[in-house]
Each structure stands twice: as C-alpha cells, then as structure tokens.
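Trainee:
Now the structure itself:
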C-alpha cells in the first residue's frame, strides 16, 4: 500500500534547504579539500567493491576482507573506518543468525534489505577510492578523517552509523521495495523492528569496545543512562529512516524530485556527522583538562609529602 505524503513536494524549498545545509556544514568541516583514496590499498579496495554482494553471506565475506584491509591502513590498528567496519560486521553477523529464527516473518525481505544496505556502504568506499565527487557527503565526513587520531574511535563508529542509517537505510528500503513490491507495514515492519533489538543487545559492548579510558570513566559514572539513551536514539533514527523511505517512494516517478530529496537527506546527514565531531572535540577537551588538573594535583601533593 502506498503511503500518502502529508505535504506537497516543494522543489524550491528543498533545493534552498540543501544549499543552506552545505553552508552550515562548511562552518564545521575542515576547509581543505580532503585527500581521497585508500592509499596504499587502492587496488585491494577497488577489487573488494567491484562486485556487489548478492546475499548476507557475501556481505559478511566482504566485511571480513574490508576489516583486514583497513586494519593495515595508516594509522595501523587505529584507522577510523576500521572502527565502523568492525561494528557493522558485528551487527550484520547477528542479522544473519536472526534470519533462521521463528521470529522473522519474511526472511527474504530482511536479507534483501541487508544486501541493499551493504551495497551502499561498499559503493561509497569504491567512489572515495577513485576520487569520485559523487561520494555521499554523509560518508565523506568519516572517510576524510580515516587517519585522524584526533577523532575518537567511538565517534568514528558513530559517524559510520550516522551515514549508514540516516542516509543509506532509506535508499536501501526503496531498492528492496522495488524488488518485493510496495511497503506493507503489517507484514514487513515487525521484521524491520527486530534489528532494533540487535542494536539494543550489542550497544553496551560496542560502545565500550571503542571508548578511550576517559570515555570509559564517564560511561561508568552515568551507569545505564547511556545504554537507555542510545536505545532511544536507535529506535527514533531507524523509525525516521522508514518514514523517509515511504516519502521517497512517492517520488520515484519523478527522477528530478527524487534526486533533490536524496541530496537534502545526504546534506542533513553530513551536517549531523560534523556536529557529532564537534561534540567529540568538546568531550576530549574536557577530558584533557581534567587529566591535566589531576596531574597538577598529584605533583603538588608529591612536593608536599615528599613522595
């Protein structure tokens, strides 16, 4: 069943909004043009992304190969794309196991969605590797900082999740519906929501896997609040992606309007990514300040006590 749009598509407004989002992002993003590509692994990444996966087993195989590549890229064992790729493998592996469970109503839909979802990630990797300006802005936010030690691995993983869910997921849903037919909430939406449960189960361990010592101390102080708030965020973000896909589905008959809407979605996702980085910088500066204060106190006490 087709879902009607609640507001008419306003071309000028969408175009102007996309331009404003790029201007807003420019104020947060580095001014220099990023060095594109995956040196020194251009060939390996190109070969990895040359053939899209056709099933979830193929997705896992490619993610495993990608992990080996990015783990070796500079800075070795700290490449920021490797952090997201590892998280993505964990979630996808859980989805693969879920497909054979009795909880899934339509495993064909869920596997197709996973494959279409993965295609967008590998296509973004491919485009960045060949210096393609059509690389989605949402992914550029992470890719241009692949070697940055200033960006925490936790935020890098979050940037990948942001690009994949806020940009790719709606597009993957549309591609899936083009193969399975128009979306029917009562049949496939419950399966879509099952992925939320996987995120809920994996979020605590994944977040702590990528956290710095300072982030771990902060995590300990807030207790279960981080887990709860991130569960709410995952639910809201994936619900938004479903809604976005339904709206984009209505535009599929007009390629120009669909392109405008996709651009707006990409620009909005990229701006959110830059905002995540700004927040990461604030947390890191607070942590550095507190560590410096702690060291000063220790030195002062040492002088006083002679120890």
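Residue numbers (my numbering): 133 to 439.
In this text, a Cβ means the ideal position worked out from N, Cα and C, and glycines have one as well.
These numbers come from a predicted model, not from an experiment.
1) Let me know the alpha helix (DSSP H) ranges lying completely inside the stretch 271-356, each 4 residues or longer, listed in chain order.
2) Identify which residue in 321, 239, 198 and 408 has its Cα closest to the Cα of residue 284.
3) Measure the beta-carbon distance from residue 463 to residue 304 and round it to whole angstroms, keeping in mind my assumption that it falls under 8 Å.
4) Could you tell me the boundaries of the alpha helix (DSSP H) in which residue 217 lies?
5) Is it the case that the stretch 240-252 contacts the stretch 222-231, given that we only count it when at least three CB pairs across the two stretches are under 8 Å?
6) Examine the Cβ distances between the stretch 287-299 and the stretch 203-218 and report whether three or more of them are shorter than 8 Å.
7) Can you list, in chain order, the residues of its chain with a C-beta nearer than 7 Å to that of residue 195? Leave out the 5 residues immediately preceding and following it.
8) Tell whether a beta-carbon distance below 8 Å holds between residue 323 and residue 238.
9) What separation, rounded to the nearest whole angstrom, lies between the Cα atoms of residue 149 and residue 396?
10) Identify whether residue 199 lies in helix, strand or coil by the three-state DSSP scheme.
11) Do residue 261 and residue 178 count as a contact pair if the criterion is CB distance below 8 Å?
12) Should residue 152 be labelled buried (16 or more other beta-carbon atoms within 10 Å of its own) or exposed?
Mentor: In short:
1) 285-294, 301-312, 317-342 and 345-354
2) 408
3) An answer regarding residue 463 cannot be provided, because it is not within the stretch 133 to 439 covered by the chain.
4) 212-230
5) yes
6) yes
7) 217, 220, 221 and 224
8) yes
9) 7 Å
10) helix
11) yes
12) exposed
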